[in-house]
Each structure stands twice: as structure tokens, then as C-alpha cells.
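Engineer: Sequence order for the protein chains is A and B. So the first sequence is residues 41 to 710, counted in my numbering. So the second sequence is residues 41 to 710, counted in my numbering. Glycine included, every Cβ here is placed at the ideal spot set by N, Cα and C.
Protein chains: 2
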Amino acid sequence: MARGPDSRKRPPSRIVIQYPAPAVDLGRYPVKRCVGDVVEVSADIFRDGHELLRAVVKYRPADGQSRRWRECELHRIDADQDGVRWAGSFEVDVAGRWQYTFEAWTDRFGTWRDELRRKLEAGRADQPDDASAAQSGEPGSRAGGWLAGELSEGVELLRGAEQRATVQRDRVLIQRALAILEDGGANAAHRHAAALDEALYAAVERAQERDGATSLEPLALEVDRVRARFGSWYELFPRSWGGLRGVEAQLPRLAELGFDVVYLTPIHPIGTSNRKGRDNALIAAPDDPGSPWAIGNANGGHDAIDPGLGTIDDLRSLTRAAHKLEIDIALDFAIQCSADHPWLREHPEWFHHRPDGTLKYAENPPKRYQDIYNVNWDTQDWRNLWEALLQVVLQWVRCGVKVFRVDNPHTKPAAFWAWLIEQVHAEDRDVIFLAEAFTRRAMMRHLAKIGFTQSYTYFTWKNSRSELTEYVLELARSGEQDYLRPNFFANTPDILHEYLQRGGRPAFEARLVLAATLSPSYGIYSGFEKIENVAVRAGSEEYLHSEKYELRERTLDGVLLPMVKRLNLARREQPALQQLDNVSFLSTENEALIAYVKQTGANSVITVVNLDPHSAQEGLAVVPAQLGLPPVFSVRDLLSGERYEWRLGRNYVRLEPGVHQAHVNLVEAA
Amino acid sequence: MARGPDSRKRPPSRIVIQYPAPAVDLGRYPVKRCVGDVVEVSADIFRDGHELLRAVVKYRPADGQSRRWRECELHRIDADQDGVRWAGSFEVDVAGRWQYTFEAWTDRFGTWRDELRRKLEAGRADQPDDASAAQSGEPGSRAGGWLAGELSEGVELLRGAEQRATVQRDRVLIQRALAILEDGGANAAHRHAAALDEALYAAVERAQERDGATSLEPLALEVDRVRARFGSWYELFPRSWGGLRGVEAQLPRLAELGFDVVYLTPIHPIGTSNRKGRDNALIAAPDDPGSPWAIGNANGGHDAIDPGLGTIDDLRSLTRAAHKLEIDIALDFAIQCSADHPWLREHPEWFHHRPDGTLKYAENPPKRYQDIYNVNWDTQDWRNLWEALLQVVLQWVRCGVKVFRVDNPHTKPAAFWAWLIEQVHAEDRDVIFLAEAFTRRAMMRHLAKIGFTQSYTYFTWKNSRSELTEYVLELARSGEQDYLRPNFFANTPDILHEYLQRGGRPAFEARLVLAATLSPSYGIYSGFEKIENVAVRAGSEEYLHSEKYELRERTLDGVLLPMVKRLNLARREQPALQQLDNVSFLSTENEALIAYVKQTGANSVITVVNLDPHSAQEGLAVVPAQLGLPPVFSVRDLLSGERYEWRLGRNYVRLEPGVHQAHVNLVEAA
């Protein structure tokens with residue numbers, strides 16, 4: 041695991057460096073961080089014998105101009121009872137792939153000094169030199185007196201340090217110590233004191249050679265812009281807002297509401313063959329617009345914009361306007377094609393054909409998606425297919441789109457995504473990919489490991505206190521936090537959870553607060569702010585009159601928008617709400633109340649949510665001492681503006697639907 | 041992680057294989073097993089999309105004649121809620137390094153058959169073919185009728201299988217099915233039934249091609265002879281038994297007592313310079329024999345035998361006699377040298393010299409080991425030093441010594457041990473190395489990972505119920521069981537624990553039973569069976585009149601030997617006592633009573649030990665239902681021969697020092 045120096049000349053390294061952290065699967069996949077993050081690192085570092093070690097973390101951007109390794113000293117941490125864990129930190133100040141590694145070496149002077157000190161403490165300066173040395177009759181033992189052999193070693197080490205010292209002041213200190221150690225007439229106590237001098241130690245360490253230095257195979261770190269971790273998303277169907285120009289007109293208001301990302305469902309021409317009608321009807325009426333996810337018709341495919349929504353120039357105008365407001369426009373990247381997609385004619389080999397010549401539409405029996413065709417990833421022409429898809433993404437990147445919400449990535453090869461994301465990042469490292477993989481954990485995790493910036497989660501289906509607690513701790517504390525960044529959507533065009541269907545406005549408020557305060561990235565799909573909550577039928581999570589299949593006219597005036605704005609503002613102002621793994625859940629003595637504190641530095645926000653949309657709930661939020669909060673402190677509810685006195689231990693909370701569904705309490709002062 | 045097929049022609053593999061088990065640090069170090077073990081393996085295996093997979097484990101000895109990969113099918117296990125975990129097993133039937141890997145591929149026929157079945161269940165056979173197919177106007181859809189496109193795919197898959205089938209019966213089945221599927225006149229239901237036929241499925245699967253097959257980088261498995269895991273050790277100072285011939289005379293009795301390994305402290309000439317006297321006195325009296333660990337004098341070094349103990353021929357005779365009794369003779373491998381060791385003259389560069397010319401004896405201030413010199417592992421002549429040490433070990437191996445107890449390996453470079461063990465195994469794979477590394481866990485674990493067969497442990501210092509439980513679970517269940525094999529010594533020449541010093545014979549009985557039943561390998565150092573328990577001084581774990589520094593006359597007649605014999609016999613007869621990780625601790629409702637069951641197949645042994653050497657203790661050993669024992673069952677105490685009725689749930693136990701200190705209850709029958 042650890043690499044030694046040239047083994048032809050020197051024996052293999054005696055130092056073991058193992059279990060570096062952070063690391064994903066022991067370093068097999070990169071760890072994710074954002075620009076400005078301080079990366080806390082640690083590793084087991086030890087060697088045989090009793091020698092002292094020193095160690096540093098070395099780090100650098102893997103490409104770009106400044107590839108020089110920088111380094112920062114590590115220190116042994118006591119938390120580990122074995123005494124083999126070392127820790128340190130460094131800051132990542134630019135986006136891109138970084139590398140980090142550890143280097144450790146034997147501290148020869150420190151070891152010598154430490155042994156000398158222990159011998160002096162054991163009274164050895166008052167004893168004759170070693171019986172063996174006396175017996176051997178070699179010169180040094182008698183000439184030098186007590187501990188003379190040890191001092192002769194020290195002289196050798198100091199001479200080396202003198203040669204290497206680059207600071208004049210250090211060299212002078214070392215020379216002065218050498219003069220005393222080498223002075224045969226000097227008093228033994230004087231020589232020992234000179235050898236143990238603290239300033240000398242520091243000077244020698246600065247000039248040390250890295251004896252037997254060992255380092256680890258470098259680990260990769262993907263550093264993204266901060267929006268990769270932190271952002272408030274609003275999802276909309278552009279056709280419901282007057283197309284791209286209509287969306288652009290909404291941007292100032294969306295910015296004022298505190299949204300960071302405006303995500304547009306697919307903007308491409310929609311197929312006409314087998315077009316789905318309202319509420320997913322198999323036969324569309326003549327004026328039904330079809331699902332935006334059935335991509336492609338005579339007007340073009342993935343590289344075209346539906347003429348009803350606007351033009352490429354309209355998109356450029358939209359992304360420019362958004363950029364000025366510090367908003368990202370996100371596009372949907374859905375690879376399936378309608379029967380009318382130009383690729384079916386131009387590249388029939390990219391699709392599944394049966395031996396009898398028929399084309400296979402998408403299906404997962406008994407489910408059938410008659411309006412779309414999946415590409416055949418096993419085609420012999422796979423290189424051209426991959427390249428065409430890359431060009432689609434790059435085209436939109438060049439139009440200013442820096443965020444892609446990827447539709448069902450788990451039904452496409454992971455190797456394709458790894459390649460695509462790497463290629464896109466080579467052109468523009470700011471591009472963010474959100475994986476919509478509602479699938480098995482193993483696949484969700486794998487997609488995150490191989491490159492997706494963010495991931496949809498199971499949040500919509502976690503509604504009880506225990507489900508939420510268990511799930512958030514899994515995301516924030518299991519190791520997943522190093523590579524999978526959750527984006528908590530409170531709803532999507534496909535997911536209107538029963539909790540929202542039945543709970544009315546209080547349920548929407550509870551879910552909004554949970555999403556916005558538990559995850560640094562969260563989102564709502566338009567209609568949420570208007571408490572739209574009617575399902576197409578009992579037992580379904582699909583919306584009635586789903587916007588996927590019919591034209592709607594949308595306006596930005598839902599009753600929840602004031603709350604959305606307050607939450608988005610709080611998220612921008614409170615650093616604690618911009619992190620995932622800084623959460624601690626509090627006991628509430630009531631299963632219907634969930635409470636948690638997020639802490640970043642001195643910034644602490646305590647959120648309490650009533651999960652019961654129907655009844656008032658009261659409980660006792662217990663603030664444990666280890667959070668480091670003062671015995672008594674003031675909090676201000678960032679939703680209501682109200683102030684409360686809180687304390688360590690139990691705090692009475694009552695939350696009544698229609699009055700307060702939640703508190704988002706900023707800890708203000710003692 | 042997973043390797044795909046030739047990526048120039050075909051796209052990278054769509055199958056992910058990860059987290060193989062067993063694996064040490066994700067495969068960085070080999071897993072240890074013994075000849076005859078069934079290796080239970082598992083891995084996460086999944087791919088994008090909905091296709092079905094098949095998978096096998098492949099395994100082979102990495103060297104030797106039979107390097108052909110064998111394989112065994114894996115099955116998905118339900119225990120994993122993601123449904124991505126597959127498991128299987130194989131047997132390792134010869135010692136040496138093995139490799140294993142997983143291979144998985146897409147089950148094209150199985151996927152096709154499964155989708156057809158689901159479509160038929162959804163009533164699709166009663167519907168017209170797909171609207172799209174109808175619209176496309178392609179021939180197959182009309183000509184074939186319902187699900188004709190699907191059947192055309194099936195025909196293609198069956199044709200391929202027909203080509204590949206190696207079993208005549210399978211080929212006939214496939215041809216018969218093809219005839220039906222291709223018969224335009226056949227009734228649709230008849231064709232569907234033929235396609236779904238179970239026997240056809242089995243035949244096609246036997247002839248399947250491994251579509252998109254992916255395999256993992258092979259993992260290493262070190263397979264040792266069974267004694268690497270299971271053995272009863274007796275440690276002795278040969279000089280106390282009349283030298284090597286005297287030890288040989290004791291072998292029949294040691295065999296009768298059930299010992300498998302007789303471990304001799306170092307047998308080499310002992311230094312005279314700075315020889316330690318009785319009770320570690322700095323000055324030896326003229327007739328003091330010195331510590332056997334101060335190796336080397338004018339008679340030779342590590343490759344010589346102290347003439348007082350015998351000759352090389354005596355050793356050969358001893359190992360031959362032992363071999364006939366199925367006993368291993370273990371030697372001590374301690375690398376330090378006395379001042380009189382020939383190497384100090386022949387290879388002064390192998391030792392630490394100070395700049396003033398003096399030699400450095402071993403010390404760890406304030407501790408000093410004036411009678412020994414450590415070799416300088418950083419010497420430029422390290423290759424010759426390593427080679428000389430290897431030749432020492434090989435010399436003894438060639439004399440029939442197949443077990444080495446390695447003294448303080450943690451103060452020598454781990455890379456040296458890895459190399460030495462590999463070299464010795466290349467000559468004789470049966471050699472066992474026991475690491476005496478009483479040091480930090482990280483180093484103990486590292487030595488086990490890089491090749492030591494067995495390890496001393498902290499067992500001597502774990503005396504309470506909670507300490508024992510926690511420690512044994514760490515060894516048996518934390519993952520350590522895959523690479524670190526514990527050897528529980530109840531005492532050593534250096535460790536007479538306070539528990540033994542104070543507890544008298546009951547304490548010795550308790551510790552003996554614990555060592556012999558908790559760990560497949562255990563040992564005692566002679567004197568234990570005679571309840572020798574006087575320390576050199578209060579607070580010390582050193583023996584008074586330590587055999588390390590003076591001559592003793594030993595005989596094999598201690599009061600504990602009958603109990604030792606019964607335990608060793610029980611260990612040989614009960615497979616459950618030969619494994620480590622098959623232990624479950626039982627609640628006893630009394631902290632002074634520890635109870636555990638070991639189960640291997642139908643063999644169950646329930647041990648209960650009174651940890652209190654001074655008082656009778658009573659409690660209730662609780663047998664939980666999940667152990668699979670009958671509601672009521674008989675047990676026979678393998679120590680006393682007494683029988684008891686036990687049951688699921690609580691079982692009253694009373695253990696009184698002087699009467700019974702422990703039960704080792706074999707579960708006999710319902």
C-alpha cells in the first residue's frame with residue numbers, strides 16, 4: 041500500500057500508511073468537496089520499533105497551472121487508543137480534480153533527543169557508560185564520559201542539519217549547540233541541556249531530512265463549485281410559462297424568492313407518433329401537447345428546441361439573464377427518443393430492432409412506454425452514439441446551461457456516464473449533473489461514485505420521524521456524504537406523495553421546511569407553492585391533470601411563496617444550513633415532532649417540525665451539552681421572527697397546524 | 041473495479057461487481073483459510089436497466105499443477121434489501137495461495153423469457169401487437185400475430201443456443217421448441233407455452249453465451265494446513281527437561297495429553313558477555329545459564345544448537361519422533377544477538393554503531409537489554425542480512441521444524457517478514473509463523489495481513505466477562521477473523537497475570553477452560569499445570585525464579601494435567617471447538633459467569649465458566665431460540681462427565697471453586 045524509496049539501494053520502507061480519510065472505497069473513487077472547503081484528513085501511520093515519526097499531508101490540483109505539491113503537517117490524535125492516527129487539513133481553493141497523499145518519515149533527531157531525555161530522567165548521566173562499551177574497549181566510551189556515545193550520535197545528526205539548514209538563524213543555533221557538544225571540556229550537564237534545547241529542536245526539525253520517507257498512492261478529490269452542494273431549485277414546464285421568453289420574464293421574481301437553480305423540463309420537439317394524451321391517455325387528442333420526455337419530431341431531436349418554446353437565441357438570452365441574477369438554468373437530459381426523432385432514420389443501428397424488423401419501444405412489463413424508444417447501448421456503433429450524446433450536452437453547455445438533471449441514469453450504462461461527465465468537465469468544470477435515479481441504493485451510490493455531482497433521494501418517501509432520522513443519518517454520516525450529495529425535492533411531476541395528498545397546507549409546510557433545512561440542495565416543482573395535491577386516482581402518486589401531458593397556465597403567486605422566500609433567505613444567511621453532515625437529531629419525547637440542530641462554526645440553527653398535519657403537537661426538544669451551546673440562550677424563529685429563550689436540556693415546544701408548523705430557530709446569544 | 045471485455049470492439053461492461061467477501065481491505069491483502077474449508081463468498085452484482093444476470097464464483101490454486109479455474113454458480117440472496125447481493129461457496133482442498141473472482145453476465149434468454157411471461161400475465165397475448173409496430177408497417181408484426189416480434193427474438197436466441205449446446209438432450213429440446221415457435225400455423229398459446237417451458241429454459245441456460253461477461257480482479261486466499269487454525273500448544277525450556285533428547289522422551293506423554301505443538305524456547309548458544317543472572321540480575325553468577333534469547337557465543341549463532349542441549353541430529357530425531365505422534369516442534373525465532381554472536385565479528389555492518397565507535401545494545405529507555413544487540417535493519421548490506429536470516433529459518437525447516445514462534449516481530453520491518461514468509465513458503469508451504477507482537481492493534485493486524493499465520497493476543501489481560509466478550513467478538517466478528525488467527529496463551533514466561541497470582545487453582549482452571557474453548561489455537565507454558573503463580577515482586581507479571589534466567593528441573597505431573605487432557609480431547613472430538621467465528625455469547629444474569637455456545641453444523645458445545653476464583657456463583661444461562669437447539673435437550677459436561685437437562689431460555693447454573701469451575705457442555709440429544 042505504501043510506496044518505498046528505490047529498493048535497489050535501500051531496504052523497503054518501514055513506515056505503514058493506511059486507511060486514509062476521506063476516501064471512498066479506500067481510494068477507488070474520488071471524494072467530493074467544494075471550492076473553499078477545508079478538507080479534514082487523517083490516516084493510520086506507524087512503523088516497527090520505537091522511533092518517532094513526522095508526517096504531512098500533500099495536496100495539489102491534478103491539472104491546471106499550479107500542480108506543485110503543497111503540504112501541511114499532521115499531528116497524532118489521541119482519539120485513537122492505538123496512537124497511530126494522524127490528522128491535519130488543507131483548503132481546496134479552485135474547482136477541478138485534486139490529489140492528496142500523506143508522507144511520513146522517521147524523525148531521527150527527535151527520536152535521539154527523546155531517548156536522551158528518557159535516559160537522563162532515568163539517572164543515566166550519573167552512571168558509568170554501558171558495560172558493553174566499556175568492555176569493547178573502544179575509544180569513545182572513555183574519552184567522552186557519561187552518555188558520550190549518545191552525544192556522538194547527536195553531533196552527527198546536528199552536522200547533517202547544519203548542512204541542510206536554509207534559515208541563517210537556525211544554522212547559528214545548530215552551530216552553537218555543536219560547539220558545546222563537541223567541547224571535550226564542557227560540563228556534562230551543560231552538554232545535555234544544550235542537546236535538549238527546545239529552540240535547537242525546532243531548528244533541526246526545520247532542516248530535517250526525511251529519513252525513510254514513505255508516501256501513499258495519491259487519492260483523488262473532485263472539487264466542484266459551491267452550487268454543487270448548496271442551492272434552492274425550482275422546477276417548471278416552460279410551456280406553462282410562455283416558453284423560454286416567458287421563463288426569462290419570471291427570473292427576477294424567482295431570484296427575489298431566493299431560488300438558485302431554475303430547472304426546465306425537456307425543451308425539445310415532442311414526438312407525434314403514439315403521443316400520450318391527457319392523464320397519460322394512450323391516444324392523444326389533436327391539440328394535446330404530449331410529454332416533453334418523448335423527444336424528437338420533424339423539427340429535430342435532442343439538439344433542437346421546440347419552436348413553440350422559442351429558439352436557441354431565446355435560450356442564450358435566458359441563461360444570460362439568469363447568470364446576471366446568479367441563477368443557473370438547468371436542462372433535463374433524457375436520452376430516449378420518440379418514434380419521430382431524426383436519429384431513428386439517421387442511425388437506425390442505435391435502436392433495438394427485433395429479428396422480424398420491428399422496433400422495440402420502452403417497456404418494463406407490464407408497464408409500457410409506447411411513445412418512446414430507448415437507444416441500444418450494445419450497438420456496434422456505440423462510439424458514435426456516445427459522441428452524439430456528448431455533443432448534445434456540449435451544445436447546451438455552450439448556450440450557458442451549466443446544470444443538467446439527468447433522467448433515469450440507472451437505465452443507461454454507468455461507464456457511459458463516467459465518460460460523458462469527464463468529457464464535459466474537460467470543457468467546462470462548472471457543469472453540474474443531478475442524477476434522477478430512483479432505484480436501488482447500490483446503483484444510486486455507484487452513479488454518485490463514478491461522477492454525478494448530485495443525486496435525487498428517497499426523501500419524498502421518508503415522512504415519519506424515524507424514517508427521516510435514519511435516512512438523513514445514512515446520507516450524512518455513513519460515509520456516503522463523501523461522494524453522494526442529496527437534493528431533496530419536496531415533489532416532482534411524478535411524485536405527489538400521499539402525505540401531501542392528505543395533509544393539506546400543513547403537510548406542504550412541513551415537507552418544505554424539512555427539505556430546505558435538512559439538505560443543502562432542495563427543490564420544489566411548480567404547483568407545490570399552491571398546495572396542488574390531487575392525485576390522478578387513489579393510490580397513485582401521479583398528479584391529476586398532470587402537466588406532463590397537458591398545457592397549463594402558471595403564475596408565480598402560490599400561498600407558500602412567502603414561506604419559501606423566508607427559507608431560501610435563511611439558507612443563504614446561515615452557513616449551517618449549507619452543509620449536510622453537520623446535523624444532530626434531538627430527542628423530542630413525541631414521535632410527531634422532529635428536531636435537529638445544524639452547526640457550522642458558531643452558527644447554530646435548531647429546526648423543529650410538527651410532522652402531524654392535522655393536530656397540534658407538543659414535546660420537549662432536548663439540547664445536549666455536547667453541542668457546546670450556553671446553558672441559556674435566545675433563539676429567533678427565522679420563519680415567524682419570534683424570539684424564545686432556550687436552554688441546555690428540555691425545551692417545551694408546541695406546534696399547531698395553521699399557526700406554526702415548524703420553527704427554524706437561529707441561536708442568537710446567551 | 042470490474043474489468044470489461046475488449047473495449048475497442050464492444051462498449052465497456054454494463055455490469056458492476058463490487059464489495060467481494062471475504063476480502064481484507066477490499067482485496068489488498070489475502071484472506072486466510074485452511075485446507076478443507078468451504079469458503080462462503082458473496083458480492084454486490086448489478087447492472088443498469090432491468091435485465092437479469094447470472095453469476096459464478098471462479099477459483100483456483102494460484103500455483104501448482106491444477107491452475108485451471110473451477111467455478112460454482114452464485115445465487116441472489118434475499119437478506120440484502122437492495123437485491124444486489126449474490127452468494128455461493130467453494131472448497132479449498134490444497135494448501136497454498138489461491139485466487140478467486142466473480143464473473144457475471146447478462147442472461148439474455150432468461151430476460152427475454154421473463155418479459156414474455158410478464159406480458160402474457162398482463163394479457164398482452166389477447167391484444168393486437170404494438171401500435172408502433174402496426175404503424176411502422178413492417179412485415180413481422182402482421183405475419184406473426186400476437187407477440188410475434190417477441191417470438192422472433194426468442195427464435196434467434198434459441199438458434200444461438202442450439203449451436204452452442206454440448207448436450208444432445210438439450211439440443212433436441214431446443215430444436216423441438218424452435219420447430220413450434222417457427223411454425224406459422226401453430227396456435228399462439230401453444231407457441232407461448234413452448235417458449236416458457238422450464239426444461240427448455242434449463243437447456244438454454246446450460247448452453248448460454250456469457251453476454252457482456254465481466255469479472256473482478258482476482259482476490260488472494262492463503263490456504264494453510266489445519267494446524268494453522270487449530271492446535272494445542274505446550275511451551276517449554278528444553279534445558280529444564282534434559283535437552284533435546286530429554287524433550288523427545290516426553291513426547292509420548294505430551295501426545296497422550298493431547299498436545300499438537302511443542303514449542304521450545306531458543307535452543308542456540310547463549311552469550312556470556314553481560315549475561316543476565318537469576319531474576320534478571322545485571323551480573324550473572326558463574327553458573328547462571330543466561331537467557332536463551334541472548335543468542336550466540338563462541339559455539340555459534342542462530343544456526344547452531346547449544347551443545348548443552350544437543351546436536352542437529354538430536355533435533356532431527358526430535359522432529360521425526362514428533363512427526364510420528366502428529367506433533368509439531370516449534371522453534372523460537374528471535375533475531376537479536378548477544379555480544380558474543382559470530383555475526384558481530386563477521387558482519388559488524390549489520391549492527392548499530394555510534395559515530396564514536398561504540399555498539400548500541402537494545403534499549404527502550406528507561407528499559408535496557410544489555411545482553412542483546414539488535415540488528416540494524418537500515419544497513420546498506422540489508423540484502424545479505426535478510427538472506428542470512430532466511431537461511432537460518434530454512435536450515436531449521438530442513439531439520440523438520442514446521443512451526444516458528446517469532447519473537448517481537450513488531451520491532452522489525454514488516455516488509456522483511458512479508459518477504460521471509462513468502463520465501464519460506466516457496467520451499468515449504470506447511471511452515472507456520474506465530475507472531476509474538478504484544479503491541480498496538482494496528483501493528484498486530486498489519487503483521488497478520490502481510491503473512492503471519494497466527495498471532496498472540498491480549499487474551500492474558502482480558503479477565504472480566506465484558507472484556508472477554510468484547511475482545512472475542514472483535515477477533516471473531518469484526519472482519520479480523522479473515523486474516524488474524526489468535527493463539528490464546530494462558531501464560532508465557534513473561535506473563536503471569538495478577539488474576540493467576542491471586543486466584544489459585546480455580547483461577548488457573550478458569551483461564552485454561554477459556555483459552556481452550558474460546559480459541560481454536562491455545563497454549564500453556566510449563567509450570568501452568570502446576571499452578572506456579574509467584575511473581576518476582578508485587579505488581580510484576582514476571583515469574584519469581586524465572587526459568588528465563590536459571591536452570592529448573594521439570595517433570596510432567598502437574599495437578600491440572602487431567603483437566604488439560606480432557607480439554608484437549610474435547611477439542612479434537614468436537615468440531616465446534618476448532619473454529620473461531622462460530623461463537624455466540626449467552627446472557628447469564630451474573631457478571632461473574634461467562635457462557636457461550638460454539639456451533640459447527642450439528643455440533644454444539646455450551647461452555648460456562650465461573651470467573652470468580654474465590655466464591656461459588658450462580659446464574660441463568662439463557663439459550664436463545666435462534667441457535668436452533670430443541671426446546672429441551674441433554675448436555676454432557678466434557679470435564680466431569682455429568683449430564684444435565686437444558687432447554688431454550690433460562691438454565692440454572694451454579695459453579696463452585698474446588699468443585700466445578702466450569703462446564704464444557706456437549707449438546708447430546710433432544
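Smallest Cα separation from residue 450/A: which of 52/B, 348/B, 86/B?
Structural biologist: Of the candidates 52/B, 348/B, 86/B, the one whose C-alpha sits nearest the C-alpha of residue 450/A is 86/B.
Engineer: Pull up the CB-CB distance for residue 336/A and residue 372/A, whole angstroms please, since I reckon it's below 8 angstroms.
Structural biologist: The Cβ separation is near 14 angstroms, so there is no contact.
Engineer: Leaving out the 5 sequence neighbours to the left and right, which residues in its chain are closer than 7 angstroms to residue 103/A when beta-carbon positions are compared?
Structural biologist: Contacts found: 136, 137.
Engineer: What first and last residue would you give for the alpha helix (DSSP H) that runs through residue 546/B?
Structural biologist: Note, residue 546/B: alpha helix (DSSP H), 538–558.
Engineer: Once you ignore the five residues that flank residue 210/B on each side, which residues in its own chain have a CB closer than 7 angstroms to its CB?
Structural biologist: So the qualifying residues of the chain are 243, 246, 247.
Engineer: Determine which residues share a DSSP beta bridge with residue 578/B and list them.
Structural biologist: Partner(s): none; residue 578/B has no beta bridge.
Engineer: At 9 angstroms on the CB atoms, spell out the chain B contacts of residue 86/A, in chain order.
Structural biologist: Here the neighbours are 480, 482, 483, 486.
Engineer: For the pair the segment 683–692 of chain B and the segment 656–665 of chain B, tell me if three or more CB-CB distances fall below 8 angstroms.
Structural biologist: A contact exists between the segment 683–692 of chain B and the segment 656–665 of chain B.
Engineer: What does residue 422/A touch in chain B if you count any residue whose Cβ is under 7 angstroms from its own?
Structural biologist: Within 7 angstroms Cβ-Cβ: 51.
Engineer: Do residue 341/A and residue 382/A have their beta-carbon atoms positioned less than 8 angstroms apart in this structure?
Structural biologist: Yes, Cβ-Cβ distance for residue 382/A and residue 341/A is below 8 angstroms.
Engineer: Keeping to the same chain, check which residues put their C-beta closer than 6 angstroms to that of residue 678/A; ignore five residues upstream and five downstream.
Structural biologist: Result list for residue 678/A: 610, 704, 706, in chain order.
Engineer: Could you name the residues that DSSP lists as bridge partners for residue 130/A?
Structural biologist: In DSSP, residue 130/A forms a bridge with 79/A.
Engineer: Which chain A residues are close to residue 122/B, counting only those with a beta carbon under 7 angstroms from its beta carbon?
Structural biologist: Within chain A, the residues near residue 122/B are 480, 481, 482.
Engineer: I'd like to know if the segment 250–259 of chain A and the segment 138–145 of chain A are in contact, where contact means that at least 3 CB-CB pairs between them fall below 8 angstroms.
Structural biologist: The segment 250–259 of chain A vs the segment 138–145 of chain A: in contact.
Engineer: Does DSSP put residue 424/A in a helix, a strand or coil?
Structural biologist: Three-state result, residue 424/A: helix.
Engineer: Taking 8 angstroms as the threshold (C-beta atoms), are residue 132/B and residue 73/B in contact?
Structural biologist: Closer than 8 angstroms, so yes.
Engineer: Residues of chain B with a CB under 7 angstroms from the CB of residue 89/A: which are they?
Structural biologist: Those are 451, listed as they occur along chain B.
Engineer: Could you tell me whether the Cβ of residue 196/A comes closer than 8 angstroms to any Cβ of chain B?
Structural biologist: At least one chain B Cβ lies under 8 angstroms of residue 196/A.
Engineer: Just the C-alpha distance for residue 417/A and residue 53/B, rounded to the nearest angstrom, thanks.
Structural biologist: Answer to the nearest angstrom: the Cα atoms are 10 angstroms apart.
Engineer: Under 8 angstroms, do residue 565/A and residue 595/A count as touching if we go by C-beta distance?
Structural biologist: No; because the gap between Cβ atoms is not below 8 angstroms, this pair is not in contact.
Engineer: In or out: residue 439/A buried (at least 16 other Cβ within 10 Å) or exposed?
Structural biologist: Per the 10 Å Cβ criterion, buried.
Engineer: For residue 323/A, collect the residues of the same chain with a Cβ closer than 8 angstroms to its Cβ; drop the 5 residues on either side in sequence, then sort them by chain order.
Structural biologist: Closer than 8 angstroms at the Cβ level, and outside the excluded window around residue 323/A, lie 317.
Engineer: With 8 angstroms set as the bound, which would you pick, yes or no: does the beta-carbon of residue 192/A sit closer than that to a beta-carbon of chain B?
Structural biologist: By this cut-off, residue 192/A is an interface position.
Engineer: Can you tell me whether residue 377/A is buried or exposed, with buried defined as 16 or more other CB within 10 angstroms of its CB?
Structural biologist: Label assigned to residue 377/A: buried.
Engineer: So, under 8 angstroms CB-CB, residue 71/A and residue 83/A are touching, yes? Tell me the CB distance rounded to an integer number of Å.
Structural biologist: With a Cβ gap of about 13 angstroms, residue 71/A and residue 83/A do not count as contacting.
Engineer: For residue 599/A and residue 571/A, which I take to be in contact (beta-carbon distance under 8 angstroms), what is that distance rounded to the nearest angstrom?
Structural biologist: Right, the Cβ-Cβ distance comes to about 7 angstroms (below 8 angstroms), so this counts as a contact.
Engineer: Cβ closer than 8 angstroms: which chain A residues qualify as neighbours of residue 159/B?
Structural biologist: Those are 405, 406, listed as they occur along chain A.
Engineer: Would you say residue 434/B and residue 467/B are within 8 angstroms of each other, going by their C-beta atoms?
Structural biologist: The answer is yes: Cβ separation under 8 angstroms.
Engineer: What does residue 455/A reach in chain B if we use C-beta pairs closer than 8 angstroms?
Structural biologist: Correct list: 44, 51, 52, 53, 54.
Engineer: Run the CB neighbour count on residue 327/B, radius 10 Å, all protein chains shown included, and call it buried at 16 or more, exposed below.
Structural biologist: Burial call: exposed.
Engineer: In whole angstroms, what separates the C-alpha of residue 170/B from that of residue 398/A?
Structural biologist: Confidence is the limiting factor: at residue 170/B the pLDDT is only 48, short of 50, which leaves the residue's position unreliable and the question unanswerable from this model.
Engineer: Within the segment 380–460 of chain A, note down every full alpha helix (DSSP H) run reaching 4 residues or more, in order along the chain.
Structural biologist: You should have 382–386, 422–438.
Engineer: Going along the chain, which residues of its own chain have a beta-carbon closer than 7 angstroms to the beta-carbon of residue 157/B, five neighbours each way excluded?
Structural biologist: Cβ neighbours of residue 157/B beyond the five flanking positions: 236.
Engineer: So if I threshold CB-CB distances at 7 angstroms, which residues from the segment 384–406 of chain B count as touching chain A?
Structural biologist: The segment 384–406 of chain B vs chain A, Cβ under 7 angstroms: 394, 395, 396, 397, 398, 399, 401, 404, 405, 406.
Engineer: Considering only C-alpha positions, which residue in the set 65/B, 51/B, 508/B is nearest to residue 522/B?
Structural biologist: Ranking the options by Cα distance to residue 522/B, first place goes to 65/B.
Engineer: Distance, Cα to Cα, residue 58/B vs residue 455/A?
Structural biologist: Approximately 15 angstroms, taken between the alpha carbons.
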